[in-house]
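Each residue of the sequence shown is one higher than the one before, starting from 601 at the first, in the numbering used here.
Inspection log for the structure reproduced underneath, given as C-alpha coordinates.
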Amino acid sequence: GGALSLAVSGCQRYVLSGGVDGRISIWSALNRRAVQRLEAHTGAVTALAVYFDENRRSNVASADDKGEIGVWQPPEEDSTLCVLEFVWKRAGGHQGAILCLSFVRQPGQLVPHLWSGGADGSRGDRAVLPIQEFGPAVC
(Lines of atoms letter the chains of each structure in order from A; the text may use other names.)
(Lines give C-alpha, C1' and ligand atoms only; values in the text may rest on other atoms or scores of the structure.)
Protein backbone atom coordinates (compact mmCIF):
# COMPACT_ATOMS: atom_id res chain seq x y z
CA GLY A 601 0.00 0.00 0.00
CA GLY A 602 0.91 3.62 -0.38
CA ALA A 603 2.31 5.91 2.30
CA LEU A 604 0.12 8.61 3.86
CA SER A 605 2.54 9.95 6.48
CA LEU A 606 6.29 10.38 6.97
CA ALA A 607 8.62 11.21 9.86
CA VAL A 608 12.39 11.24 10.40
CA SER A 609 14.11 9.74 13.47
CA GLY A 610 15.90 12.00 15.93
CA CYS A 611 19.30 10.76 14.74
CA GLN A 612 18.16 11.22 11.11
CA ARG A 613 19.33 7.71 10.15
CA TYR A 614 15.80 6.39 9.63
CA VAL A 615 12.67 7.45 7.80
CA LEU A 616 9.29 6.18 8.94
CA SER A 617 6.28 5.83 6.69
CA GLY A 618 2.69 5.18 7.65
CA GLY A 619 0.69 3.18 5.14
CA VAL A 620 -2.88 2.77 3.98
CA ASP A 621 -2.52 -0.86 5.10
CA GLY A 622 -2.12 0.15 8.78
CA ARG A 623 1.61 -0.59 8.89
CA ILE A 624 4.51 1.58 9.95
CA SER A 625 7.66 0.92 7.94
CA ILE A 626 11.09 1.98 9.17
CA TRP A 627 13.60 2.61 6.40
CA SER A 628 17.36 3.09 6.54
CA ALA A 629 18.13 6.56 5.17
CA LEU A 630 21.57 5.25 4.16
CA ASN A 631 20.61 2.31 1.96
CA ARG A 632 16.85 2.96 1.53
CA ARG A 633 15.91 -0.53 2.70
CA ALA A 634 13.17 -1.43 5.17
CA VAL A 635 14.58 -2.49 8.55
CA GLN A 636 11.27 -3.09 10.34
CA ARG A 637 7.56 -3.19 9.58
CA LEU A 638 5.04 -2.83 12.39
CA GLU A 639 1.45 -4.04 12.27
CA ALA A 640 0.39 -0.79 13.88
CA HIS A 641 -3.27 -0.04 13.18
CA THR A 642 -6.41 -1.55 11.71
CA GLY A 643 -6.96 1.64 9.73
CA ALA A 644 -4.68 3.72 7.53
CA VAL A 645 -1.78 5.44 9.37
CA THR A 646 -2.52 9.11 8.78
CA ALA A 647 0.05 10.76 11.06
CA LEU A 648 3.46 10.05 12.61
CA ALA A 649 5.57 11.98 15.11
CA VAL A 650 9.01 11.28 16.59
CA TYR A 651 10.41 12.50 19.93
CA PHE A 652 14.15 12.16 20.68
CA ASP A 653 14.24 11.72 24.47
CA GLU A 654 16.93 12.43 27.08
CA ASN A 655 18.21 8.84 26.66
CA ARG A 656 18.74 9.52 22.94
CA ARG A 657 15.94 7.12 21.97
CA SER A 658 13.44 7.93 19.25
CA ASN A 659 9.91 7.48 20.57
CA VAL A 660 7.22 7.25 17.90
CA ALA A 661 3.54 8.13 17.94
CA SER A 662 1.17 7.03 15.19
CA ALA A 663 -2.46 7.82 14.45
CA ASP A 664 -5.04 6.40 12.09
CA ASP A 665 -8.15 7.24 10.14
CA LYS A 666 -10.33 5.71 12.87
CA GLY A 667 -9.12 8.08 15.60
CA GLU A 668 -6.67 5.77 17.42
CA ILE A 669 -3.23 6.81 18.65
CA GLY A 670 -0.35 4.39 19.30
CA VAL A 671 2.99 4.99 21.01
CA TRP A 672 6.11 2.92 20.28
CA GLN A 673 9.55 2.91 21.93
CA PRO A 674 12.83 1.06 21.43
CA PRO A 675 13.58 -1.55 24.09
CA GLU A 676 15.56 -0.22 27.07
CA GLU A 677 18.76 -1.94 25.89
CA ASP A 678 18.52 -0.56 22.34
CA SER A 679 18.86 3.16 21.70
CA THR A 680 18.35 2.85 17.95
CA LEU A 681 15.12 2.95 16.03
CA CYS A 682 15.78 -0.42 14.38
CA VAL A 683 13.44 -2.18 16.80
CA LEU A 684 10.29 -0.65 18.26
CA GLU A 685 8.02 -2.14 20.88
CA PHE A 686 4.38 -1.31 21.40
CA VAL A 687 3.74 0.84 24.50
CA TRP A 688 0.04 1.76 24.38
CA LYS A 689 -2.86 2.47 22.07
CA ARG A 690 -6.14 4.17 22.78
CA ALA A 691 -8.81 6.33 21.24
CA GLY A 692 -7.47 9.79 20.56
CA GLY A 693 -10.69 11.61 21.50
CA HIS A 694 -11.50 12.42 17.89
CA GLN A 695 -14.46 11.44 15.75
CA GLY A 696 -12.73 9.92 12.72
CA ALA A 697 -9.29 10.50 11.27
CA ILE A 698 -6.43 12.13 13.12
CA LEU A 699 -4.56 14.32 10.67
CA CYS A 700 -1.60 15.63 12.68
CA LEU A 701 0.55 14.66 15.65
CA SER A 702 3.36 16.51 17.38
CA PHE A 703 5.41 15.92 20.52
CA VAL A 704 5.81 19.11 22.57
CA ARG A 705 7.85 19.49 25.73
CA GLN A 706 7.23 22.79 27.48
CA PRO A 707 9.67 24.25 30.03
CA GLY A 708 8.94 22.72 33.43
CA GLN A 709 7.21 19.63 32.00
CA LEU A 710 8.77 16.34 32.99
CA VAL A 711 7.33 14.46 30.02
CA PRO A 712 6.45 15.54 26.51
CA HIS A 713 2.83 16.00 25.56
CA LEU A 714 1.45 14.52 22.38
CA TRP A 715 -0.81 16.96 20.58
CA SER A 716 -3.23 15.75 17.95
CA GLY A 717 -5.66 17.31 15.51
CA GLY A 718 -8.62 15.55 13.95
CA ALA A 719 -10.53 15.89 10.71
CA ASP A 720 -13.56 16.76 12.84
CA GLY A 721 -11.83 19.98 13.99
CA SER A 722 -11.08 18.60 17.47
CA ARG A 723 -7.73 18.95 19.21
CA GLY A 724 -6.17 16.82 21.92
CA ASP A 725 -3.28 17.04 24.34
CA ARG A 726 -2.03 14.17 26.49
CA ALA A 727 1.07 13.40 28.48
CA VAL A 728 2.87 10.47 26.89
CA LEU A 729 4.33 8.80 29.99
CA PRO A 730 2.80 8.35 32.45
CA ILE A 731 -0.42 8.04 30.50
CA GLN A 732 -2.55 10.92 31.68
CA GLU A 733 -5.21 12.79 29.77
CA PHE A 734 -5.72 16.52 29.62
CA GLY A 735 -8.31 18.76 28.04
CA PRO A 736 -8.37 20.24 24.54
CA ALA A 737 -5.37 22.14 23.26
CA VAL A 738 -4.46 23.99 20.10
CA CYS A 739 -2.77 21.84 17.45
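Ideal Cβ placement from N, Cα and C applies to all residues, glycine included.
| Item | Value |
| --- | --- |
| Neighbourhood of L606 by C-beta distance below 8 Å, restricted to the same chain and skipping five residues each side | V615, L616, S617, G618, L648 |
| G610 to V660 span [Cα, whole Å] | 10 Å |
| Cutoff 8 Å; reference R633; Cβ partners in own chain excluding five residues on either side | W627 |
| Cross-strand partners of R637 (DSSP beta bridge) | S625 |
| Simplified DSSP state of D665, which is helix, strand or coil | coil |
| Helix, strand or coil at C611 according to DSSP, with G and I counted as helix | coil |
| G670, DSSP secondary structure in three states | strand |
| Beta-carbon separation (whole angstroms), H641 vs G670, contact threshold 8 Å | 7 Å |
| A644 in three-state terms, based on DSSP | coil |
| Residues near A629 in its chain [Cβ-Cβ closer than 7 Å; skip 5 each side] | Q612, R613, Y614, V615 |
| DSSP three-state assignment for G708, whether helix, strand or coil | coil |
| Boundaries (first-last residue) of the beta strand (DSSP E) holding H713 | 713-718 |
| Given G721 as reference, the closest of G693, V711, V650, V704 once Cα atoms are compared | G693 |
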